[in-house]
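Numbering (the UniProt record's numbering), first residue to last: 1 to 805.
Note that CB positions come from ideal geometry on N, CA and C, so glycine has one too.
Computed from a predicted model, the values in this text were never measured in an experiment.
Read the structure below first, then the notes.
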Amino acid sequence: MTLINWLYLTFQNSVTLDPLQIMSSWNYSIHFCNWIGITCSPSNKTVMILDLEAKRLALGRLKRLQHLNLSRNFFVINVAINELVGQILDHFSSFSKLVYLSFGANNLTGTIPAWIGKFSSLYYLDLALNNLQGIMPSELGCLSSLGFFQLSGNNLSGTIPPLIYNISSIYYFSITQNQLHGSLPLDVGLTLPNLQLFAGGVLDFAENGLTGMVPNLASLQGLVRLNFDDNRLGYGKDGELNFLSFIANCTSLEVLGLHNNYFGGNMIRGDIPIGIENLVNLNKLGLGYNYLGGTLPNALWKLWKLKGLYLYGNKFSGPIPSSLGNLTTLTLLYMNENRLEGRIPLSLGNCQSLLILNLSFNNLTDTIPNQVIGLSSLSISLVLSQNFLIGTLPFEVGNLKIPAELDLSKNRLSGEIPTTLKTCLSLGLEEIDLSRNYFSGNIPEFFSKFLSLKHLNISYNDFEGEVLSEGILANSIFGNNKLCGSVRELHLPTYFIKNHRSSRKLLALKLIIPITSLILIVLVLLFFFPTCFIVKSSRERAWTTSSFEDCQLHISYAKLLKLWLYYKGVLYENGAIVVIKVLNLQQQEASTSFINECNTLRNIRHHNLLKIISTCSSIDHKGNDFKSLIFKFMCNGSLDQWLHPKKDVQHHSKRLNFIQRLNIAVDVAFALEYLHHHCQTPIVHCDLKPSNILLDENMVAHVGDFGFVKFLFEASDNPFKTQTLSIELKGSIRYIPPEYGMGGQVSTLGDIFSYEILLLEMFTRKKPIDEIFKNGLSIHKFMSMALPENFMDIVDPLMFFEEDE
Numbered sequence: 001m002t003l004i005n006w007l008y009l010t011f012q013n014s015v016t017l018d019p020l021q022i023m024s025s026w027n028y029s030i031h032f033c034n035w036i037g038i039t040c041s042p043s044n045k046t047v048m049i050l051d052l053e054a055k056r057l058a059l060g061r062l063k064r065l066q067h068l069n070l071s072r073n074f075f076v077i078n079v080a081i082n083e084l085v086g087q088i089l090d091h092f093s094s095f096s097k098l099v100y101l102s103f104g105a106n107n108l109t110g111t112i113p114a115w116i117g118k119f120s121s122l123y124y125l126d127l128a129l130n131n132l133q134g135i136m137p138s139e140l141g142c143l144s145s146l147g148f149f150q151l152s153g154n155n156l157s158g159t160i161p162p163l164i165y166n167i168s169s170i171y172y173f174s175i176t177q178n179q180l181h182g183s184l185p186l187d188v189g190l191t192l193p194n195l196q197l198f199a200g201g202v203l204d205f206a207e208n209g210l211t212g213m214v215p216n217l218a219s220l221q222g223l224v225r226l227n228f229d230d231n232r233l234g235y236g237k238d239g240e241l242n243f244l245s246f247i248a249n250c251t252s253l254e255v256l257g258l259h260n261n262y263f264g265g266n267m268i269r270g271d272i273p274i275g276i277e278n279l280v281n282l283n284k285l286g287l288g289y290n291y292l293g294g295t296l297p298n299a300l301w302k303l304w305k306l307k308g309l310y311l312y313g314n315k316f317s318g319p320i321p322s323s324l325g326n327l328t329t330l331t332l333l334y335m336n337e338n339r340l341e342g343r344i345p346l347s348l349g350n351c352q353s354l355l356i357l358n359l360s361f362n363n364l365t366d367t368i369p370n371q372v373i374g375l376s377s378l379s380i381s382l383v384l385s386q387n388f389l390i391g392t393l394p395f396e397v398g399n400l401k402i403p404a405e406l407d408l409s410k411n412r413l414s415g416e417i418p419t420t421l422k423t424c425l426s427l428g429l430e431e432i433d434l435s436r437n438y439f440s441g442n443i444p445e446f447f448s449k450f451l452s453l454k455h456l457n458i459s460y461n462d463f464e465g466e467v468l469s470e471g472i473l474a475n476s477i478f479g480n481n482k483l484c485g486s487v488r489e490l491h492l493p494t495y496f497i498k499n500h501r502s503s504r505k506l507l508a509l510k511l512i513i514p515i516t517s518l519i520l521i522v523l524v525l526l527f528f529f530p531t532c533f534i535v536k537s538s539r540e541r542a543w544t545t546s547s548f549e550d551c552q553l554h555i556s557y558a559k560l561l562k563l564w565l566y567y568k569g570v571l572y573e574n575g576a577i578v579v580i581k582v583l584n585l586q587q588q589e590a591s592t593s594f595i596n597e598c599n600t601l602r603n604i605r606h607h608n609l610l611k612i613i614s615t616c617s618s619i620d621h622k623g624n625d626f627k628s629l630i631f632k633f634m635c636n637g638s639l640d641q642w643l644h645p646k647k648d649v650q651h652h653s654k655r656l657n658f659i660q661r662l663n664i665a666v667d668v669a670f671a672l673e674y675l676h677h678h679c680q681t682p683i684v685h686c687d688l689k690p691s692n693i694l695l696d697e698n699m700v701a702h703v704g705d706f707g708f709v710k711f712l713f714e715a716s717d718n719p720f721k722t723q724t725l726s727i728e729l730k731g732s733i734r735y736i737p738p739e740y741g742m743g744g745q746v747s748t749l750g751d752i753f754s755y756e757i758l759l760l761e762m763f764t765r766k767k768p769i770d771e772i773f774k775n776g777l778s779i780h781k782f783m784s785m786a787l788p789e790n791f792m793d794i795v796d797p798l799m800f801f802e803e804d805e
C-alpha cells in the first residue's frame, strides 16, 4: 500500500471528527500535493510533510490498520493539539527517514515506543502534554540528530537514560511535570554544548524528583532558560548555591527557576552570589521557598530586564532597598514570608508595570506610601498583610485598576475607609481584607452595592454606627463592638442615638455629675487611706507590695488567672487596668525566669502575643529584691477558664462556640508562626497550654508566659532548629513532647506538639491530664480511636449551641 493510498483509504476513513472539513480536500479529483496538510518535494512530487497541527481531528478506527509501508520517504508528522486518543501505533515504526515527529497536546496513553530510537534522522521530537507513562526507553539515546527534545506534562517515571546526555546536537531539553528521579551528570554542560533551554521539571509530591548537585553549566553561554523548580537537588550543605557563580557567563539566560529544592537542609542556604548581576537578560528569577538569608543583595537591582522576581518563603532581613525602584519592568514581585523590616520604599512607585505586589508576612513598619498604593498598574493583587503598618489608608487607593485582591489585614492601620475605594469596587474588585486593624468610623455603604465583590472581611476593627443591610457583611464584621442595627441575621444590638442638642446637654449632665462625684470620693480615699488597696495580709505572703508606689500602680488582691502571685492593678497615669506578675524570688530559678521573659518580650511585637507595658526591678522596704512584669489586662481571662470553668460557674458566657474556638486556634498559630520564623532569633515557647492563652475584649487570643522560653541561635542550620536542654525539665506535663522529659532537645517541633494537644483539648474539652487518660491511653489515642465513625461522640457538644439556647 502506497502512502497516498494509505492516506486516502485508511487514514481518512479513520477520522471520526473533522469540524474544519479538512478531509474534504483529500480526494482523487485533485493532486495529493494540494491536499490540506500535505507538503511535497518540488523535485519528484513525493510527500515530505504531513502537518495536521491544530486541525481538531479525532481518530477512532486506527485499530483496524493491518499493514503500513511508508519506506523510502523523508517527511514530517505533526498532529499536535488535536484530540487523538489511544497508544502510539507501531505502524509508524516504518518511517525510517522521519525528521519531525510531534504528537504534543493530545490524549495519548501507553508508553513511549522504543522504536522511536531508530529514527537516526529525527531532529524534532515532541510528545508533551499527553498521558504517557512508564520509563523513557534507553533507545532514545540513539537519536544522534536530535535537537528538540520535549516530553513535559506526562506521567513518565524512572530515570533519564544516560545516553541522552551524549546527544550533543540537543538545543532544547524539557522534561517538566513528570515523576522522574535520579541525578544529573556533572559534565552535562560539556556533553550538551548547544543547550539553550533546560527545564528540569515540576515533579510530584511523592518524593520523586531530580537529586544530586547542579552541574557546572558555565560553558552553555547560549542558555536561555534554566528551570529546576520543585525538585530535590542538593544535599543540605554549605556552598551549594555557588553554581550560580558558574553560570554568570550565561548572559543570554532569561529564566532561572530554583523554587523549592533541597539545597541546605531542604532549602537553599546562604546568600545570593554577586555574580548573578552578570545575567543582564534575566526576566524571571525564582528563588522561593528556600533558606536564603541576609540582606537583599544590590546585585539584584542591576537586573534591569526582570519582570518576575520570586523571593518568598526565605529569611531575608533588613530594609527593602530603594534601588528596587530601578526595576521598572517588573510585573510580578513576591517578597512575602521573610523578615524584611523598615518602611516600604517610595521608589517602588517607579515600577509602573507591576500587576502583583506581595509583601505580606514581614516586619514592615511606617505608613503605606501613596506612590505604592496608588499604582494604577496593580490590576491583579496587592497584599501587604501581616506587617506592622500604621497610619490611614491613603486616598490614592482609588487609583487601583480592577485588582482582584486587596489584602491589608493584620496591621495597625487606622482612621476611616476612604471613599475613593468605591472606584476600585465599581471597576470589579473581588476580594478585600481589612481585618484586624484599627479602622474606625462608619462602614461605607458602597461595600454592599457592588456585585463583583465576592469576599469582604472587615472584622476586628473599631467601626461604629448602624449597619442597614446584610448581604456580604453577614460574615465580615465580627469583633466590631460599636456597631448596631436591626438586621436580625447580623446579631447586632439595636439602639438609637438622638441628635437634639437638648438631649445631649441632659445626657452630659447625667454623666458629669456622678462621674465627678465618684472621682472626688476616690481622690479622698487615695489621700487618707493609701494602703486600703492592698488587702492581702502578710500571713498570705512573705513579701510586700510597697515598692509598687515607684511603678505608679494601685494593686488590689485578686488571684487572677488562678496563678499564684498574679495581681490586678490600675495605672495612675491613664487608669488602664493591668496585670502584675510578681516573682517569688525565694523559689529556685525565679531570676532566670524573669530574665528569660524580659529578653523575650523586649524583642517581640505581635498582636497575638501578650503585650508588656512595663517592668519593675527594685528593693522593697525590707531591703529584699523585688521584680515584677506589668501586662495589659485581658478581660476575658484565660482559655482554660472558658474550657474548664468552676463547677459553681454556670453563666452561659463561659461557653465557646465552634467559630470562636477556630478563631482562637488561628490566633495561636499566628503567634507561633511569628515566634518561630519572624523573630531575629527563633523562639520556642516551651509551655503552650490553655492557661497561658489569654482572651481580650474581642475574644482575640494572646499567647503569654514566656518564663520557659528558649532561643535557638544560628548555630543550627536546620529549619526545625534544636538546642540541647541545659536545665531540668520545663513546661507542663502532657503538653510538652515526651522527649523533653528524657533530656531531649528543644525544638520548634515541641511547640507544634503542644499546639496539637491544645487543639484536641479545645474541641473535646478534655484535659490531657484527666483521669481517663491512664494505662497507656492518651488524648491522641482517644481521638484516633473515635475516627472516623464516632468523631461526633467525643467533640464538645457545647460548641454547637447558639447563645439564645
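Quick one: complete beta strand (DSSP E) runs, 3+ long, within the stretch 603-661?
612-619 and 625-632
Looking only at its chain, what residues have a beta carbon closer than 6 Å to the beta carbon of G275, apart from the 5 residues adjacent to it on each side?
Counting from 1 along the sequence shown, the entry for residue 275 is found at position 275. Same-chain partners within the cutoff: S245 and A248.
Find the nearest neighbour of S617 within the set K627, G313 and I477, judged by alpha-carbon distance.
Along the sequence shown, read from residue 1 onward, the residue named residue 617 stands at position 617. Comparing Cα-Cα distances from S617 to each of K627, G313 and I477, the minimum goes to K627.
Opposing strand residues paired with S440 [DSSP bridges]
Here residue 440 refers to the residue found at position 440 of the sequence shown. Note: S440 sits in a beta bridge opposite D462.
Out of G288, T251, L287 and N260, which has the shortest C-alpha to C-alpha gap to E277?
Translated into positions along the sequence shown, residue 277 becomes position 277. Ranking G288, T251, L287 and N260 by Cα distance to E277 puts T251 first.
Is the Cβ-Cβ distance between N457 and D433 less than 8 Å?
Along the sequence shown, one-based indexing puts residue 457 at 457. Along the sequence shown, one-based indexing puts residue 433 at 433. The answer is yes: Cβ separation under 8 Å.
Closest residue to N194 among F173, S183, V214 and G182 (Cα-Cα distance)
Position 194 of the sequence shown holds residue 194. For the residues F173, S183, V214 and G182, the minimum Cα distance to N194 belongs to F173.
Strictly by DSSP, which residues pair up with H455?
On the sequence shown, residue 455 is found 455 positions in, with the first residue counted as 1. In the DSSP output, where bridge partners are listed per residue, H455 has E431.
Nearest candidate by alpha-carbon position, reference F361, set N481, S638, R232 and N314
Here the question's residue 361 lines up with position 361 in the sequence shown. Of the listed residues, the one whose Cα sits closest to F361 is N314.
Rounded separation between L156 and L330 - CA only
Taking the sequence shown and counting its residues from 1, one reaches residue 156 at position 156. Taking the sequence shown and counting its residues from 1, one reaches residue 330 at position 330. When rounded, the distance between both Cα atoms is 35 Å.
Given a cut-off of 8 Å on the beta-carbon distance, is the pair L355 and L324 in contact?
The residue you call residue 355 lines up with position 355 of the sequence shown. The residue you call residue 324 lines up with position 324 of the sequence shown. No, the Cβ-Cβ distance between L355 and L324 is not below 8 Å.
Nearest CA to the CA of S638: which residue from V684, I683, I613 and S691?
Taking the first residue of the sequence shown as position 1, residue 638 is located at position 638. Residue S691 is the option with its Cα nearest to S638.
Between the Cα of T16 and the Cα atoms of G349, I612, K55 and C598, which residue gives the shortest distance?
Residue numbering aside, residue 16 sits at position 16 when the sequence shown is read from its first letter. Minimum Cα distance to T16 is reached at K55.
Cβ of K581 within 8 Å of Cβ of F631?
For the purposes of this step, residue 581 is taken as residue 581 along the sequence shown, with counting starting at 1. For the purposes of this step, residue 631 is taken as residue 631 along the sequence shown, with counting starting at 1. Cβ distance < 8 Å, so K581 and F631 count as in contact.
Assuming N411 and N442 form a contact by the criterion Cβ under 8 Å, report the distance between their Cβ atoms to the nearest whole angstrom.
Taking the first residue of the sequence shown as 1, we reach residue 411 at position 411. Taking the first residue of the sequence shown as 1, we reach residue 442 at position 442. Wrong, their Cβ atoms sit about 21 Å apart, outside the cutoff.
Which runs of the beta strand (DSSP E) spanning at least 3 residues fall entirely within the stretch 62-143, listed in chain order?
76-78, 100-102, 124-126 and 133-135
Between the alpha carbons of W642 and D667, how many angstroms are there, rounded?
Against the sequence shown, residue 642 aligns to sequence position 642. Against the sequence shown, residue 667 aligns to sequence position 667. One C-alpha to the other measures close to 16 Å.
L610 and V703: beta carbons closer than 8 Å?
Walking along the sequence shown from the start, residue 610 turns up at place 610. Walking along the sequence shown from the start, residue 703 turns up at place 703. Taking 8 Å as the Cβ cut-off, L610 and V703 qualify as a contacting pair.
Helix, strand or coil: how does DSSP classify L729 here?
One-based indexing of the sequence shown puts residue 729 at position 729. Bear in mind that a pLDDT of 43 at L729, under 50, signals an unreliable position, so the model cannot answer this.
Between L287 and L226, what straight-line distance do the alpha-carbon atoms span, to the nearest angstrom?
By one-based count along the sequence shown, residue 287 stands at place 287. By one-based count along the sequence shown, residue 226 stands at place 226. Going from the Cα of L287 to the Cα of L226 covers about 12 Å.
In its own chain, which residues sit with a C-beta less than 6 Å from the C-beta of G479, not counting the 5 before and 5 after it?
In the sequence shown, counting from the first residue as 1, residue 479 sits at position 479. Closer than 6 Å at Cβ, skipping near neighbours: S459, Y460 and N698.
Between L311 and the rest of its own chain, which residues show a CB-CB distance below 6 Å, the 5 nearest in sequence each way excluded?
Stepping through the sequence shown from its first residue, residue 311 is reached at position 311. Answer for L311: L287 and M335, listed in chain order.
Collapsed DSSP secondary structure at P162 in the structure displayed
If you number the sequence shown from 1, residue 162 lands on position 162. P162: helix per DSSP, three-state reduction.
In its own chain, which residues sit with a C-beta less than 8 Å from the C-beta of V578, not counting the 5 before and 5 after it?
Here residue 578 corresponds to residue number 578 of the sequence shown, with the count starting at 1. For V578, where only same-chain residues beyond five positions count, the Cβ hits under 8 Å are L553, K568, G569, V570, L571, I613, I630, F631, K632 and F633.
Alpha carbon of K284 to alpha carbon of I736, nearest angstrom:
Mapped onto the sequence shown, residue 284 falls at position 284. Mapped onto the sequence shown, residue 736 falls at position 736. If you take the alpha carbons of K284 and I736, they lie about 44 Å apart.
How is D751 classed by DSSP in three states: helix, strand or coil?
On the sequence shown, residue 751 is found 751 positions in, with the first residue counted as 1. In the structure shown, D751 sits in a helix (DSSP, three-state: H, G or I).
Simplified DSSP state of N13, which is helix, strand or coil:
As a position in the sequence shown, residue 13 is number 13, starting the count at 1. Here N13 sits in helix by DSSP.
Given L163, which residues of its chain have a CB within under 8 Å of its CB, disregarding the five upstream and five downstream residues?
Along the sequence shown, read from residue 1 onward, the residue named residue 163 stands at position 163. These residues qualify, in order along the chain: S138, L140, G141 and C142.
State the Cα-Cα distance for the pair D705 and I757, rounded to the nearest angstrom.
Numbered from 1 along the sequence shown, position 705 holds the residue referred to as residue 705. Numbered from 1 along the sequence shown, position 757 holds the residue referred to as residue 757. Roughly 18 Å between the two C-alpha positions.
Does DSSP put P319 in a helix, in a strand, or in coil?
Working through the sequence shown from its first residue, we reach residue 319 at position 319. It is a strand residue.
May I have the straight-line CA-CA distance separating I664 from W301, to the nearest angstrom?
As a first step, residue 664 must be located in the sequence shown, where it is residue number 664. As a first step, residue 301 must be located in the sequence shown, where it is residue number 301. Rounded to the nearest angstrom, the two C-alpha atoms are 41 Å apart.
Quick one, which of Y124, N399, T159 and N154 has its alpha-carbon nearest L210's?
Locating residue 210 in the sequence shown gives position 210, where the first residue counts as 1. Ranking Y124, N399, T159 and N154 by Cα distance to L210 puts T159 first.
Own chain, CB closer than 6 Å to P369, minus 5 neighbours either side, in chain order
By 1-based counting over the sequence shown, the position of residue 369 is 369. Excluding sequence neighbours, P369 sits near I344 and L346.
H685 beta carbon less than 8 Å from that of D640
For the purposes of this step, residue 640 is identified with residue 640 of the sequence shown, where counting begins at 1. For the purposes of this step, residue 685 is identified with residue 685 of the sequence shown, where counting begins at 1. Against a cut-off of 8 Å, the Cβ pair of H685 and D640 comes out as no contact.
Would you give the residue range spanned by the alpha helix (DSSP H) that T191 belongs to?
Stepping through the sequence shown from its first residue, residue 191 is reached at position 191. Where T191 is concerned, the enclosing alpha helix (DSSP H) stretches over V188 to T191.
Return the first residue and the last residue of the beta strand (DSSP E) that I38 is part of.
Translated into positions along the sequence shown, residue 38 becomes position 38. From DSSP, the beta strand (DSSP E) with I38 extends over I38 to C40.
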